[in-house]
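Engineer: Dropping the structure in here first, questions after.
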Amino acid sequence: MSLRWLEPATLRGGGLPPLPPHTEGMEHDAGIGPTWPGVVDEVLEVRGREVRILRAPGPSVAAGTEPQLLVHGLGASAVTWVEVMSGLSATGPVVAVDLPGFGRTTALEDEPLTVDAYVRFVLDVADALGWTSFALHGNSMGGLVATLLAAQQPERVSLLVLVSPALPPTSPLKLLMPARATLEGMVPIAVSSVSAAALGVVGAGGLLDERRNRHLMRLIFSEPDGVRPELIDLMAQEYADDDQVVVASRRKALLSALRSIAVLWASPGRVLRAIDAVEAPTLILGGTADALVPAKVLRQVLARRRDWCGHVLDDRRHALMMEAPAEYLALVHAWAVDHREAV
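Structural data, given as structure tokens:
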């Protein structure tokens, strides 16, 4: 079902495309892989620290196009956007960023790893890129971060795209009544996780670890077996680092960010006021089979903001830009064209 409301630096490697003027201060690695030839892996200096970004150059901002900044979800990284970056870059340069503690952006000592800290961080990234105004895409926790940023800095965010955003239900009590998709998605993971942990003590948990991973894949993909292997390999590489310091940092970021989301959800008034304050034209995308952000929450938000456009798609899950990138691009482009023509 589709719901739609329209009323109210230094170059490390060779062979990369030339840098547009706004990318000074970046260090360049290489293309992220032959499957995505238009996407390069870079290090951007942000307030004196190294931040990992993926970049799809696109036309120059000076040509009147619009830059787009992409923010990943809890426990994820910039690679969750790789399938749509080249397509989005047709209308302007695109950057996906690793938040501190996730992907390859290392958290600083004593750095707050909260939703509010990530809002400030994303704004710092935009400043480092030289982008005074940009379209902002956010998935899951990244959608919550993007919503708060758009509310706080309306002059900076020209368009807002929220993909299964981790926005709270209107009443905290509704957290106690999980949707059917949530139960169907999470129970097998919980069961296999407990079993794998128990059997792992005696060295027999490998098979159940694989089973749990398959269930985790089904949180994102309706048909995991149909996902191209290159994307699975790329996602696996993000977490192949067995450095215990890195692993501990990621665990700390995951728990800290999750706690900050829980605080905002338990008392949703602040986020609801932020939703009301967003001035940018906004598109929400989600799915009826999403086990993490129930469709009913998205419908509540769309009922609250009837000037926003929304598509709650049958049988789609938590990350449409990975599960169905062509569908994501078609919906975003059609909506963006409508708004550009209306201006």
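Under UniProt numbering, the first residue of the sequence shown is numbered 1, with each subsequent residue one higher.
Glycine included, each C-beta is placed from N, C-alpha and C at the ideal position.
How big is the Cα-Cα spacing for R259 and R299?
Structural biologist: Here residue 259 refers to the residue found at position 259 of the sequence shown. Here residue 299 refers to the residue found at position 299 of the sequence shown. When rounded, the distance between both Cα atoms is 25 angstroms.
Engineer: Which term fits Q68, buried or exposed, when burial requires 16 or more other beta carbons within 10 angstroms of its beta carbon?
Structural biologist: Mapped onto the sequence shown, residue 68 falls at position 68. Flag for Q68 reads buried.
Engineer: What is the DSSP secondary structure of R55, counted as helix, strand or coil?
Structural biologist: Taking the first residue of the sequence shown as position 1, residue 55 is located at position 55. Correct three-state label for R55: strand.
Engineer: Here's a check: name, in chain order, each residue in its chain whose Cβ is nearer than 6 angstroms to the Cβ of H137, leaving out the five neighbours to either side.
Structural biologist: Residue 137 sits at position 137 when you count from the first residue of the sequence shown. These residues qualify, in order along the chain: L70 and V161.
Engineer: So, do the stretch 301-310 and the stretch 275-293 have three or more beta carbon pairs nearer to each other than 8 angstroms?
Structural biologist: As far as the Cβ criterion goes, the stretch 301-310 touches the stretch 275-293, which means the pair count is three or higher.
Engineer: Among the residues of its own chain, which have a CB less than 7 angstroms from the CB of T65, if the five just before and after it don't count?
Structural biologist: Position 65 of the sequence shown, counted from the first residue, corresponds to residue 65. The answer, listed in chain order, is G58, P59, T91 and G92.
Engineer: Can you tell which of G103, L167, V46 and V163 has its C-alpha closest to the C-alpha of D124?
Structural biologist: To locate residue 124, count along the sequence shown from 1; it is residue 124. Residue V46 is the option with its Cα nearest to D124.
Engineer: Could you say if the stretch 246-263 and the stretch 96-115 meet the contact criterion of at least three C-beta pairs nearer than 8 angstroms?
Structural biologist: Yes: the two stretches touch, three or more of their Cβ pairs being nearer than 8 angstroms.
Engineer: Return the chain-ordered list of same chain residues with a C-beta closer than 6 angstroms to the C-beta of P229, the five sequence neighbours on each side being excluded.
Structural biologist: Position 229 of the sequence shown, counted from the start, is the residue given in the question as residue 229. Counting only Cβ-Cβ distances below 6 angstroms, and skipping sequence neighbours, we find nothing.
Engineer: Tell me T282's beta-bridge partners as DSSP assigns them.
Structural biologist: Taking the sequence shown and counting its residues from 1, the one referred to as residue 282 is at position 282. Answer is L160.
Engineer: Considering only residues of the same chain and omitting the five flanking positions on each side of residue 344, which have a CB-CB separation below 7 angstroms?
Structural biologist: Because the chain in this structure spans residues 1 to 343, residue 344 falls outside the shown range and cannot be described.
Engineer: Is P165 closer than 7 angstroms to G143 when the C-beta atoms are compared?
Structural biologist: Residue numbering aside, residue 143 sits at position 143 when the sequence shown is read from its first letter. Residue numbering aside, residue 165 sits at position 165 when the sequence shown is read from its first letter. Going by C-beta atoms, G143 is nearer than 7 angstroms to P165.
Engineer: So what's D290 in DSSP terms, helix, strand or just coil?
Structural biologist: As a first step, residue 290 is located in the sequence shown; it is residue number 290 there, counting from the start. In the structure shown, D290 sits in coil (DSSP, three-state: anything other than H, G, I, E or B).
Engineer: Nearest CA to the CA of A280: which residue from S86, S133, A289 and T170?
Structural biologist: For the purposes of this step, residue 280 is identified with residue 280 of the sequence shown, where counting begins at 1. Nearest option by C-alpha distance: S133.
Engineer: Would DSSP call H318 helix, strand or coil?
Structural biologist: Residue mapping note: residue 318 aligns to position 318 of the sequence shown, counting from 1. H318 falls in the coil class under three-state DSSP.
Engineer: For the alpha helix (DSSP H) that contains D41, what are its first and last residues?
Structural biologist: Here the question's residue 41 lines up with position 41 in the sequence shown. That residue, D41, is in no alpha helix (DSSP H); its beta strand (DSSP E) goes V40 to V46.
Engineer: Suppose you measure from the CA of T170 to the CA of P268; what does that come to, to the nearest Å?
Structural biologist: Here residue 170 refers to the residue found at position 170 when the sequence shown is read from its first residue. Here residue 268 refers to the residue found at position 268 when the sequence shown is read from its first residue. Straight-line Cα distance between these residues: approximately 7 angstroms.
Engineer: Go through its chain and collect everything with a Cβ distance to L219's Cβ below 7 angstroms, but skip five positions before and after it.
Structural biologist: For this step, residue 219 is matched to residue 219 along the sequence shown. Excluding positions up to five away in sequence, the list reads G185, A291, L292, R317 and H318.
Engineer: Quick check on L113: does DSSP put it in helix, strand or coil?
Structural biologist: Here residue 113 corresponds to residue number 113 of the sequence shown, with the count starting at 1. DSSP places L113 in coil when its eight states are reduced to three.
Engineer: L264: which of V40, V145 and D127 sits nearest, CA to CA?
Structural biologist: Here residue 264 refers to the residue found at position 264 when the sequence shown is read from its first residue. Minimum Cα distance to L264 is reached at V145.
Engineer: Taking 7 angstroms as the cut-off, decide whether the C-beta atoms of L148 and V119 are in contact.
Structural biologist: Residue numbering aside, residue 148 sits at position 148 when the sequence shown is read from its first letter. Residue numbering aside, residue 119 sits at position 119 when the sequence shown is read from its first letter. Yes, the pair counts as a contact, with Cβ atoms nearer than the cut-off.
Engineer: Let's see if you can read the secondary structure: which residues bound the alpha helix (DSSP H) around L136?
Structural biologist: The residue labelled residue 136 in the question sits at position 136 within the sequence shown. Unbroken run through L136 is the beta strand (DSSP E), F134 to N139; no alpha helix (DSSP H).
Engineer: Would the beta-carbon of V84 fall within 7 angstroms of that of L329?
Structural biologist: Here the question's residue 84 lines up with position 84 in the sequence shown. Here the question's residue 329 lines up with position 329 in the sequence shown. Yes, the Cβ-Cβ distance between V84 and L329 is below 7 angstroms.
Engineer: For the candidate residues L283, M321, I232 and S222, whose alpha-carbon lies nearest to that of H339?
Structural biologist: Reading the sequence shown from its first residue, position 339 is the one you call residue 339. The shortest C-alpha separation from H339 is found at L283.
Engineer: Between V81 and M321, which are expected to be in contact by the criterion C-beta below 8 angstroms, what is the C-beta distance as a whole number of angstroms?
Structural biologist: As a working note, residue 81 is residue 81 in the sequence shown. As a working note, residue 321 is residue 321 in the sequence shown. A small correction: the amino acid at residue 81 is Trp; Val does not occupy that position in the sequence shown. Indeed they touch by this definition, with Cβ atoms about 6 angstroms apart.
Engineer: Looking only at DSSP bridge pairs, what is S50 linked to?
Structural biologist: One-based indexing of the sequence shown puts residue 50 at position 50. The identity of residue 50 in the sequence shown is Glu, whereas the question assumes Ser. Looking at the DSSP assignment, E50 forms a beta bridge with E45.
Engineer: Taking the straight line between their C-alpha atoms, what separation do you get for E50 and L167?
Structural biologist: Within the sequence shown, numbered from 1, the residue matching residue 50 stands at position 50. Within the sequence shown, numbered from 1, the residue matching residue 167 stands at position 167. If you take the alpha carbons of E50 and L167, they lie about 29 angstroms apart.
Engineer: Within 10 angstroms of the Cβ of V247, are there 16 or more other Cβ atoms? Answer buried if so, exposed if not.
Structural biologist: Within the sequence shown, residue 247 is the residue found at index 247, counting from 1. The residue is exposed, with fewer than 16 neighbouring Cβ atoms inside 10 Å.
Engineer: Which same chain residues end up closer than 8 angstroms to R4 when comparing Cβ atoms and leaving out the 5 residues on each side of it in sequence?
Structural biologist: The residue given as residue 4 occupies position 4 in the sequence shown. Confidence at R4 is low in this model, with a pLDDT of 36, below 50, so the placement of that residue should be treated as unreliable; the coordinate-derived value is given next. The answer, listed in chain order, is C309, G310 and H311.
Engineer: Going along the chain, which residues of its own chain have a beta-carbon closer than 6 angstroms to the beta-carbon of L19, five neighbours each way excluded?
Structural biologist: Within the sequence shown, residue 19 is the residue found at index 19, counting from 1. Residue placement at L19 is poorly supported in this model, since its pLDDT is 32, which falls under 50; the coordinates still yield a value, given next. Here the set comprises nothing.
Engineer: Taking DSSP as the reference, what is the three-state secondary structure of A277?
Structural biologist: Walking along the sequence shown from the start, residue 277 turns up at place 277. Helix at A277.
Engineer: Helix, strand or coil for residue 426 per DSSP?
Structural biologist: Residue 426 lies beyond the stretch modelled for the chain, which goes from 1 to 343, so this question has no answer here.
Engineer: Take L231 and list the residues in its own chain whose beta-carbon comes closer than 6 angstroms to its own, dropping the five residues that flank it on each side.
Structural biologist: Against the sequence shown, residue 231 aligns to sequence position 231. Same-chain partners within the cutoff: there are none.
Engineer: Just curious, the beta strand (DSSP E) that A96 is in, first and last residue?
Structural biologist: Counting from one through the sequence shown, the residue named residue 96 turns up at place 96. Unbroken beta strand (DSSP E) run through A96: V94 to V97.
Engineer: State the Cα-Cα distance for the pair V43 and E155, rounded to the nearest angstrom.
Structural biologist: Within the sequence shown, the letter at position 43 stands for residue 43. Within the sequence shown, the letter at position 155 stands for residue 155. Roughly 27 angstroms between the two C-alpha positions.
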